[in-house]
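To start, the structure under review is shown below, and the notes come after it.
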Amino acid sequence: MSALHNTAHPSVGLERPPSRLPVLDDFNALCCLLVIMIHVMSLGITDADPTSWQGAVVFVPWLLSRCAVPGFLFSGGMKMGLELARDTLSPYGPYILRRAKKVYFPYLFWTLFYYLCFLPIGYVRGSLAELGNYLWFGSLSAQFYYVLVVMQLYLLRPLWRQLVRRVGWLAGCAGALVVMLAALWLQGAAARALPWFAPYQGKLFITYLFYWVAGLYAGYLRPERPAPTRRLWAILGSGLVVLTYLGLCYLEFSAGVVFFNLELMKPLSNLLSIYLLMELCAALKNCGPLLRRFLNWLYQASLFVFFVHCLVLTYATAILQKLGVHSLSLLLIGRLVAAYLGSFLLYWLWNRLRQTIHPR
-1 MSALHNTAHP
9 SVGLERPPSR
19 LPVLDDFNAL
29 CCLLVIMIHV
39 MSLGITDADP
49 TSWQGAVVFV
59 PWLLSRCAVP
69 GFLFSGGMKM
79 GLELARDTLS
89 PYGPYILRRA
99 KKVYFPYLFW
109 TLFYYLCFLP
119 IGYVRGSLAE
129 LGNYLWFGSL
139 SAQFYYVLVV
149 MQLYLLRPLW
159 RQLVRRVGWL
169 AGCAGALVVM
179 LAALWLQGAA
189 ARALPWFAPY
199 QGKLFITYLF
209 YWVAGLYAGY
219 LRPERPAPTR
229 RLWAILGSGL
239 VVLTYLGLCY
249 LEFSAGVVFF
259 NLELMKPLSN
269 LLSIYLLMEL
279 CAALKNCGPL
289 LRRFLNWLYQ
299 ASLFVFFVHC
309 LVLTYATAIL
319 QKLGVHSLSL
329 LLIGRLVAAY
339 LGSFLLYWLW
349 NRLRQTIHPR
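Numbering (our numbering), first residue to last: -1 to 358.
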């Protein structure tokens, strides 16, 4: 996919690395849309008949969207890699403070906000101990764990700096993949043997290490894009692998047919899905002004929508069920409309309010 060499140093003679790449903004915006799809379809995954057409309609977009969190981590690693490749590096303390202001402090606010919103509908008991537990484990809403994972990765910036400077990309990525796969197995075993460890399962950075490290090297080395012909073959080959993985997973879901441990194929499928999304974003780079304005707005809204959409989903589902809507199809349609239109409408209203209070 990329013209990389097994070196840990940026290519000599390249211009100074940019502090950011606009294509990553579009990429993060698309990943936000995919995260919403995961949570919209989660109801269908548990309730739909796997052998029905309804099960297929739910499962396919749900599975395709699962590359979103690996995509976020790849993008975050790539941004850090771009920074590590620069001549001067911002001091560690101010860097961590900026990251905390960007994602962790909003996480604290949204956890408290969710908690207060869940009190009237009986989703939480209402105690400081319970709230503290939710804050520590990031378990009040399905998307909150990501913030805890990415903050762990930010805190380890000195380690990533040494990694990209001293270890070649191939060895670094291979080692990260081995550690990640081992961590996935060990965390499951530890959670079964040690009940106190269960809440930590899936919330340690090593669970997603491969995607972050791959992004680090992509940002640090900034490989050139291949020629159009090679890129076309890479896109077709990547699409074939992703579709094969999708087909095998669907057979397991619908018919219980088990071929082999598909968890071993999942990192490859996720990485190739990330590549395909990156190619799509690269193609959108020179889009028309109207679409460009929309994509820029989508990116600006993405963090707010990332935090708020599960709250919208929870209330929308509760209201629909209270109104007597119990058909899975109608519930999913209602959730889809609420999660996308409702969440972005709330951002628009919040942004208008912010501009009214603090006009530019």
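Glycine included, C-beta positions come from ideal geometry on N, C-alpha and C. All values derive from a computational prediction rather than experimental measurement.
ask   = Which residue from R333, L351, M276 and G79 puts its Cα closest to that of W158?
value = G79
key: Ordered list of alpha helix (DSSP H) runs contained in the stretch 126 to 198, each at least 4 residues   = 126 to 135, 143 to 153, 155 to 164 and 167 to 191
ask   = alpha helix (DSSP H) containing I34: first to last residue?
value = P20 to D45
inquiry  = So A337 and I34 are supposed to be a Cβ contact under 8 angstroms. How far apart are they, rounded?
reply    = 5 angstroms
Beta-carbon contacts of F342 that lie in its chain and below 7 angstroms, excluding the five residues immediately before and after = A299 and V303
query = Buried or exposed: Q319, going by 16 or more other Cβ atoms within 10 Å of its Cβ?
reply = exposed
ask   = Per DSSP, what kind of secondary structure is K77 in: helix, strand or coil?
value = helix
query = Secondary structure at P89, three-state DSSP: helix, strand or coil?
reply = coil
ask   = Can you give the Cα-Cα distance for L231 and Y313, rounded to whole angstroms?
value = With the sequence shown as reference, residue 231 is identified as Trp, and Leu is not the correct amino acid for it. For W231 and Y313, the distance between alpha carbons rounds to 45 angstroms.
message = Within the continuous alpha helix (DSSP H) that includes P104, where are the two ends?
response = F103 to F116
Where the alpha helix (DSSP H) containing G245 begins and where it ends = P226 to A253
request  = Keeping to the same chain, check which residues put their C-beta closer than 7 angstroms to that of R350; ignore five residues upstream and five downstream.
outcome  = none
task = Please report the Cβ distance between L146 and K201, rounded to the nearest whole angstrom; I am assuming they are in contact, meaning their Cβ atoms lie under 8 angstroms.
result = 5 angstroms
key: C-alpha gap between L311 and D85, whole angstroms   = 45 angstroms
query = So, using beta-carbon positions, are Y209 and N268 closer together than 8 angstroms?
reply = yes
message = Less than 8 angstroms between C-beta atoms, sequence neighbours within five positions excluded: which residues of the same chain meet that for L293?
response = D23, D24, A27, L282 and C285
ask   = Taking C-beta to C-beta, are R333 and V122 nearer than 8 angstroms?
value = no
message = To the nearest angstrom, how far is the alpha carbon of R134 from that of P265?
response = It is worth fixing the name first, because residue 134 is Trp in this sequence and not Arg. Cα to Cα, W134 sits roughly 28 angstroms from P265.
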